[in-house]
Ligand SMILES: Nc1ncnc2c1ncn2[C@@H]1O[C@H](COP(=O)(O)OP(=O)(O)OP(=O)(O)O)[C@@H](O)[C@H]1O
Ligand SMILES: [Mg+2]
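In my numbering, the protein residues as written are 112 to 429.
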């Protein structure tokens with residue numbers, strides 16, 4: 112069952128289109144990653160899905176309800192941890208959870224039960240009376256997650272929940288997300304971290320308002336980086352990049368893709384037998400060092416770079 116379904120969802124701010132005819136489909140129970148560079152429309156999309164912002168055109172159906180006619184109880188089924196999530200820093204852990212629980216109409220025994228669940232989940236047992244301002248970043252973030260699920264939402268929106276958190280805390284946070292997902296909560300999460308994206312069941316990639324990919328990480332890689340990646344670190348990567356690009360354009364080597372990854376050049380090709388000798392020949396008579404060539408399995412990052420290049424090229428030609 113689709114828990115989120117959008118149909119040409121669009122939001123303009125004046126003449127500027129922040130979200131352009133986006134069609135998302137999120138299935139019940141999955142961890143769905145929403146990726147895209149800064150300013151691409153992720154938060155704007157989430158705000159529309161939460162009914163906080165009206166679409167300029169298009170529609171969204173969340174948990175079977177059209178957001179234009181969502182019932183009063185609609186938000187009771189949804190949890191939200193916003194990009195700059197806010198806890199009351201002068202309140203204790205317990206007071207924060209109580210406040211969020213009450214705002215979801217939890218009282219008495221039910222509130223107590225859910226508080227225990229949130230404390231357990233966040234690993235905050237024994238810290239109930241700690242002031243929130245004294246929690247480290249990773250703990251505050253887990254408390255914010257606890258607060259967002261006090262009312263046992265069916266669908267949870269997390270907008271860059273792990274930004275600025277250390278790798279270990281990020282991993283622990285994702286373990287919590289998997290547990291929630293296993294219990295049936297659908298999770299819609301934005302992130303800039305590729306390792307996190309690779310762990311989502313499905314992903315959508317939005318690029319300056321346009322959805323340019325949607326599917327499982329494997330499918331997105333397969334579709335956009337068909338072939339093998341040859342990786343090497345030449346002395347002058349930009350020079351080599353231009354040479355390979357020109358050779359691909361002129362047909363001297365089979366078509367493929369070439370991009371920079373820090374000091375490394377990644378050449379994606381379906382014809383290693385012809386590509387490798389060409390690359391080796393570039394260094395045969397040169398004065399510098401001949402780099403070592405490695406074969407790599409294409410990563411999600413390779414796929415996104417390919418997608419962005421394609422989108423930029425389409426934008427220029429169209
Ligand atoms: N209320 C608003 N009025 C005018 N422009 C807005 C408004 N809200 C967002 N925008 C613009 O819409 C675009 C998309 O913003 P949005 O916050 O959705 O991006 P994002 O993908 O969440 O970025 P980030 O990764 O930085 O959080 C940006 O160019 C932003 O400046
Ligand atoms: Mg944002």
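The C-beta atom is built at its ideal place from N, Cα and C for all residues, glycine as well. Fair warning: this is a prediction, and the values are worked out from it, not measured in the lab.
Under DSSP, the alpha helix (DSSP H) around residue 289 begins and ends at which residues? By one-based count along the chain shown, residue 289 stands at place 178. Per DSSP, residue 289 belongs to the alpha helix (DSSP H) from 278-293.
Output the residue ranges of the beta strand (DSSP E) runs that lie fully inside the segment 390-424 and measure 3 residues or longer, sorted by chain position. 405-407
Under a three-way DSSP split, which group does residue 363 fall into? Residue numbering aside, residue 363 sits at position 252 when the chain shown is read from its first letter. Taken through DSSP and simplified to helix, strand or coil, residue 363 comes out as coil.
Quick one: measure Cβ to Cβ for residue 174 and residue 188, integer angstroms, because I've assumed they're closer than 8 Å. Looking up residue 174 in the chain shown gives position 63. Looking up residue 188 in the chain shown gives position 77. The Cβ separation is near 6 Å, so the contact holds.
Proximity test, Cβ basis, 8 Å: residue 232 and chain C: No chain C is part of this structure, which consists of one protein chain only.
Decide if the segment 203-216 is in contact with the segment 228-242; the criterion is three or more beta carbon pairs, one per stretch, under 8 Å apart. Three or more beta-carbon pairs drawn from the segment 203-216 and the segment 228-242 are found closer than 8 Å, and the two stretches are therefore classed as touching.
If you measure from each residue's Cβ to the nearest non-hydrogen atom of ligand 4, which ones come out under 7 Å, in chain order? Questions concerning ligand 4 fall outside what the structure shown contains, since the ligands it does hold are ligand 1 and ligand 2.
Complete runs of the alpha helix (DSSP H) confined to the segment 153-186 [at least 4 residues]: 153-160
Rounded to whole angstroms, what's the CA-CA distance from residue 279 to residue 270? Just pull it up for me. In the chain shown, residue 279 corresponds to position 168, counting from 1. In the chain shown, residue 270 corresponds to position 159, counting from 1. Their backbone Cα atoms lie some 19 Å apart in a straight line.
Regarding residue 168 and ligand 1, is the C-beta to nearest heavy atom distance less than 7 Å? Stepping through the chain shown from its first residue, residue 168 is reached at position 57. No, the Cβ of residue 168 stays beyond 7 Å of every heavy atom of ligand 1.
I'd like to confirm something about residue 129: is its beta-carbon nearer than 7 Å to some heavy atom of ligand 1, or not? As a working mapping, residue 129 is identified with position 18 in the chain shown. It does: the Cβ of residue 129 is within 7 Å (strictly closer) of some heavy atom of ligand 1.
Report yes if the CB atom of residue 263 is closer than 8 Å to the CB atom of residue 234, and no otherwise. On the chain shown, position 152 is the one that residue 263 refers to. On the chain shown, position 123 is the one that residue 234 refers to. No; because the gap between Cβ atoms is not below 8 Å, this pair is not in contact.
Answer yes if the segment 333-348 comes into contact with the segment 312-323, meaning at least three C-beta pairs across the two stretches below 8 Å, and no otherwise. no
Do you know offhand how far residue 410's Cα is from residue 259's? Here the question's residue 410 lines up with position 299 in the chain shown. Here the question's residue 259 lines up with position 148 in the chain shown. For residue 410 and residue 259, the distance between alpha carbons rounds to 32 Å.
If we call anything under 8 Å between Cβ atoms a contact, is residue 367 one with residue 378? Within the chain shown, the letter at position 256 stands for residue 367. Within the chain shown, the letter at position 267 stands for residue 378. Yes. Within cutoff.
Please classify residue 253: does DSSP put it in a helix, a strand, or coil? Here residue 253 corresponds to residue number 142 of the chain shown, with the count starting at 1. Residue state, collapsed to three classes: helix.
Buried versus exposed call for residue 163 [16 or more other C-beta atoms within 10 Å across all chains shown]: Walking along the chain shown from the start, residue 163 turns up at place 52. A residue is called buried when at least 16 other Cβ atoms come within 10 angstroms of its Cβ; residue 163 does not meet this threshold and is exposed.
Do the segment 288-299 and the segment 137-148 meet, that is, are 3 or more Cβ pairs less than 8 Å apart? yes
If you draw a straight line from the alpha carbon of residue 120 to that of residue 347, how long is it in whole angstroms? Mapped onto the chain shown, residue 120 falls at position 9. Mapped onto the chain shown, residue 347 falls at position 236. Taking the straight line from one Cα to the other gives about 44 Å.
For the segment 346-363 against the segment 416-428, do three or more pairs of beta-carbon atoms, one drawn from each stretch, fall closer than 8 Å, so that the two count as touching? With the cut-off at 8 Å, the segment 346-363 and the segment 416-428 do not touch.
Under the criterion of a Cβ to heavy atom distance below 7 Å, does residue 400 qualify as lining ligand 1? The count along the chain shown starts at 1 and reaches residue 400 at position 289. No, the Cβ of residue 400 stays beyond 7 Å of every heavy atom of ligand 1.
Classification of residue 405 by the beta-carbon crowding that lies within 10 angstroms, buried from 16 upward: Taking the first residue of the chain shown as 1, we reach residue 405 at position 294. It is exposed - the Cβ of residue 405 has fewer than 16 other Cβ atoms within 10 Å.
In this structure, does DSSP put residue 309 in helix, strand or coil? As a working mapping, residue 309 is identified with position 198 in the chain shown. Helix, per DSSP.
Residues that DSSP places opposite residue 194 in a beta bridge: For the purposes of this step, residue 194 is taken as residue 83 along the chain shown, with counting starting at 1. Looking at the DSSP assignment, residue 194 forms no beta bridge with any residue, so it has no partner.
Reducing DSSP to helix, strand and coil, say where residue 340 ends up. For the purposes of this step, residue 340 is identified with residue 229 of the chain shown, where counting begins at 1. Looking at residue 340 - three-state DSSP - the assignment turns out to be strand.
Quick one: measure Cβ to Cβ for residue 167 and residue 123, integer angstroms, because I've assumed they're closer than 8 Å. Your numbering for residue 167 matches position 56 in the chain shown. Your numbering for residue 123 matches position 12 in the chain shown. A Cβ-Cβ distance of about 4 Å is found for the pair residue 167 and residue 123, placing them in contact under the 8 Å criterion.
As a quick exercise: from 389, 358, 420, pick the residue whose alpha carbon is nearest that of residue 371. Within the chain shown, the letter at position 260 stands for residue 371. Residue 420 is the option with its Cα nearest to residue 371.
Please state if the CB of residue 212 and the CB of residue 226 are separated by a distance shorter than 8 Å. Locating residue 226 in the chain shown gives position 115, counting from the first residue. Locating residue 212 in the chain shown gives position 101, counting from the first residue. In contact: residue 226 and residue 212 (Cβ atoms closer than 8 Å).
Length of the line joining the Cα atoms of residue 414 and residue 352: For the purposes of this step, residue 414 is identified with residue 303 of the chain shown, where counting begins at 1. For the purposes of this step, residue 352 is identified with residue 241 of the chain shown, where counting begins at 1. As the crow flies, the alpha-carbon of residue 414 is around 18 Å from that of residue 352.
What are the boundary residues of the beta strand (DSSP E) that includes residue 235? On the chain shown, position 124 is the one that residue 235 refers to. That residue, residue 235, is in no beta strand (DSSP E); it is neither H nor E in DSSP.
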